[in-house]
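Taking it in order: structure first as structure tokens, then the write-up.
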Amino acid sequence: MDFSYVYSQNPWWEDNESIYFDMHIRKFEKSKFKYIPYFMKNLKNYKNGIYIIKGPRQIGKTTVLKLLIKDLIEKNINPSNILYLTLDLIKDENELTQLLLDYFSIKNNNKEKRYLFLDEVSSVSNWQKSIKYLYDTGKLENAFVVLTGSSSYDLKKSSERLPGRREFGKDIVYLPVSFREYIMQNSNIDFQYKLEDLFEMNENELKALNLKLTRFKDDFKTYISTGGFPKVINDFLENNAISEETLNTYGNYLYGDVERFNRSRLILNQLLFKTPDLIGQRFSWNSLSNDIEGVSSKNTIEDYFNLLSMNFLFGILFFYDFSKKTIKPKKQKKIYPLDLIITFVIEKITNTQIKLSTKIKQIVFTHLLKYSKDLSEGLMLYNGPYFWYSQKGKEIDFLINLKNNIIPIEVKFQNNISPSDYSTMKKVFQKGILVTKNTLFKKDDIVALPIESFLLLV
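Following my numbering, the numbering of the sequence shown begins with 87 at its first residue and continues without gaps.
Here's what the structure looks like:
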């Protein structure tokens, strides 16, 4: 590929001001919801190393890169030391290596620090060979490198082949905007309490806290109409609805991510039609395989959901054996879409209305991902959150590890709460959190509070 391909993506080499005319920067500046992910603060230290940002497509990874480039230019970093490259059109690692070597040859500022931003690196097979070669030949000795990708399958397999070459670098998972972040973006509010504080409060303190948080009920109505993808939030704020174009964009990525790995669109489509009845419900790979045409083994079903989880589209929850303090991968599982935009796409594809109570449970799931020990390998949730059920069919929606304590969380988005709604938590775990529609109480170590207040503490 001709080096003009690189020049066209780095106009700041000729004109510093060009960054302000970049499509992503312009869209960001015009947007009503200008979201800066929490991890950007640490990235702006620009410590040498190789950093990998993972996350679903269209969540805003490219915008993050462009904002970092803008920040560097405004800090008077030599623009020729800043390289941005989208790798969608790069055919293999040899072409990538040659383009990067050409850059180092043409912009030959040997002693100055380099800033490399390689977007959608997972679209290039064996990309790690290029990075390894540059590192081993000293080109990245004084460099800040950020790579992005949408498939933890590609990124995990390749990044494991960079041992000892990461320095300060690390894996970063870009998750949807939480309700807490959503509120803090629009209001200058610092929430001082966290989920673990609930068990230290008495009921009067809990009521006082909830009273402060109830003013965000209307904001939650908006949030449940959008989910946590910044692009979708802005679409809704501008049009008072999610546009067909946006739904089609995410639908295309849902199918495209599976087809890219040579899987069948027909099988995926059948799975999506089953999904409205599966979200938040226990099932086995084997039971589902009997209902899908063209599938002869439960291994095929598992393979598809593994792929969806590694592309940050669906989370897979495992049963947690409380007595043995470990998961049981062979028992029934649960699935949840990562974000409501995926649920909205499924509703459109299947022409099915998914229940509000199911969407509430899904929002809780997405927020609880922050309590997982590691998401860098995707959403196959071996490290939590988990769920639990008894031989008699009693069930707990979620279990999280909160400061080395397993805490059960049950979602009951309904008008009335009775003791039977939390009897399993009390009997089996002697404590827990009940997420409700409006009900609030504290009885022993069972805490019930409305969904909005719960999410603002996560």
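Ideal placement from N, C-alpha and C gives every residue a C-beta, glycine not left out.
Per DSSP, what kind of secondary structure is residue i in: helix, strand or coil?
{"i": "Leu333", "result": "helix"}
{"i": "Met396", "result": "helix"}
{"i": "Pro415", "result": "coil"}
{"i": "Pro423", "result": "strand"}
{"i": "Gly342", "result": "helix"}
{"i": "Pro249", "result": "Unreliable positioning characterises Pro249 in this predicted model, as indicated by a pLDDT of 46, which lies under 50. A coordinate reading is not provided."}
{"i": "Glu463", "result": "coil"}
{"i": "Ile537", "result": "helix"}
{"i": "Val207", "result": "helix"}
{"i": "Lys528", "result": "strand"}
{"i": "Phe430", "result": "helix"}
{"i": "Phe408", "result": "coil"}
{"i": "Val263", "result": "coil"}
{"i": "Thr438", "result": "coil"}
{"i": "Asp64", "result": "Outside the shown range of the chain (87 to 544) lies residue 64, about which nothing can therefore be said."}
{"i": "Leu542", "result": "helix"}
{"i": "Asp257", "result": "strand"}
{"i": "Asp101", "result": "coil"}
{"i": "Ile168", "result": "strand"}
{"i": "Leu403", "result": "strand"}
{"i": "Met87", "result": "coil"}
{"i": "Asn272", "result": "helix"}
Where does the unbroken alpha helix (DSSP H) through residue i begin, and where does it stop?
{"i": "Pro316", "result": "316 to 325"}
{"i": "Val450", "result": "442 to 454"}
{"i": "Thr234", "result": "Unbroken run through Thr234 is the beta strand (DSSP E), 229 to 235; no alpha helix (DSSP H)."}
{"i": "Trp371", "result": "371 to 375"}
{"i": "Asn180", "result": "179 to 192"}
{"i": "Lys218", "result": "213 to 222"}
{"i": "Asn296", "result": "289 to 299"}
{"i": "Asp304", "result": "303 to 312"}
{"i": "Gln95", "result": "90 to 95"}
Measure the beta-carbon distance from residue i to residue j and round it to whole angstroms, keeping in mind my assumption that it falls under 8 Å.
{"i": "Thr436", "j": "Leu354", "result": "Wrong, their Cβ atoms sit about 12 Å apart, outside the cutoff."}
{"i": "Gly141", "j": "Val259", "result": "6 Å"}
{"i": "Phe484", "j": "Val450", "result": "7 Å"}
{"i": "Leu454", "j": "Pro471", "result": "4 Å"}
{"i": "Pro362", "j": "Ile432", "result": "7 Å"}
{"i": "Val207", "j": "Leu173", "result": "6 Å"}
{"i": "Ile168", "j": "Tyr201", "result": "5 Å"}
{"i": "Ser395", "j": "Lys384", "result": "With 8 Å as the limit, Ser395 and Lys384 do not qualify as a contact, their Cβ atoms being about 16 Å apart."}
{"i": "Glu481", "j": "Trp474", "result": "7 Å"}
{"i": "Lys528", "j": "Pro536", "result": "13 Å between Cβ atoms; not a contact."}
{"i": "Lys280", "j": "Leu526", "result": "With a Cβ gap of about 18 Å, Lys280 and Leu526 do not count as contacting."}
{"i": "Ser209", "j": "Asp178", "result": "At roughly 11 Å, the Cβ-Cβ gap does not stay under 8 Å, so Ser209 and Asp178 are not in contact."}
{"i": "Phe203", "j": "Ile155", "result": "7 Å"}
{"i": "Glu388", "j": "Trp371", "result": "5 Å"}
{"i": "Asp407", "j": "Pro262", "result": "Asp407 to Pro262, Cβ: 30 Å. No contact."}
{"i": "Val92", "j": "Leu153", "result": "At roughly 21 Å, the Cβ-Cβ gap does not stay under 8 Å, so Val92 and Leu153 are not in contact."}
{"i": "Pro423", "j": "Ile328", "result": "15 Å between Cβ atoms; not a contact."}
{"i": "Gly314", "j": "Ser264", "result": "7 Å"}
{"i": "Leu295", "j": "Lys118", "result": "Contact flag wrong, Cβ pair sits at about 29 Å."}
{"i": "Phe398", "j": "Lys419", "result": "Wrong, their Cβ atoms sit about 17 Å apart, outside the cutoff."}
So residue i is in the beta strand (DSSP E); what residue range does that whole segment cover?
{"i": "Glu198", "result": "Note, Glu198: premise wrong, no beta strand (DSSP E); not H, not E."}
{"i": "Val150", "result": "Not the beta strand (DSSP E): Val150 falls in the alpha helix (DSSP H), residues 147 to 160."}
{"i": "Tyr472", "result": "472 to 475"}
{"i": "Phe484", "result": "481 to 488"}
May I ask whether a heavy atom of the ligand PLP can be found less than 7 Å away from the beta carbon of residue i?
{"i": "Thr438", "result": "Ligands in the displayed structure: none, and consequently the ligand PLP is not present."}
In chain order, which alpha helix (DSSP H) runs of at least 4 residues are fully inside the segment 108 to 144? 109 to 116, 126 to 129
Could you pull out every unbroken beta strand (DSSP E) segment of at least 3 residues lying fully inside the segment 491 to 519, listed in chain order? 491 to 498
The segment 176 to 189 contacting the segment 130 to 149, beta-carbon criterion three pairs below 8 Å: no
Every unbroken alpha helix (DSSP H) inside the segment 347 to 373 [4 residues or more]: 351 to 364
Is the number of C-beta pairs between the segment 295 to 308 and the segment 266 to 277 that are closer than 8 Å three or more? yes
Counting Cβ pairs closer than 8 Å, one from the segment 212 to 221 and one from the segment 95 to 115, do we hit at least three? At 8 Å Cβ cutoff, the stretches do not touch.
Would you check if the segment 440 to 450 and the segment 420 to 432 touch, i.e. whether three or more CB-CB distances between them fall below 8 Å? yes
Are three or more beta carbon pairs between the segment 142 to 154 and the segment 105 to 122 nearer than 8 Å? yes
Can you confirm whether the segment 118 to 134 touches the segment 330 to 337 when touching is taken to mean that 3 or more C-beta pairs between the two stretches lie within less than 8 Å? no
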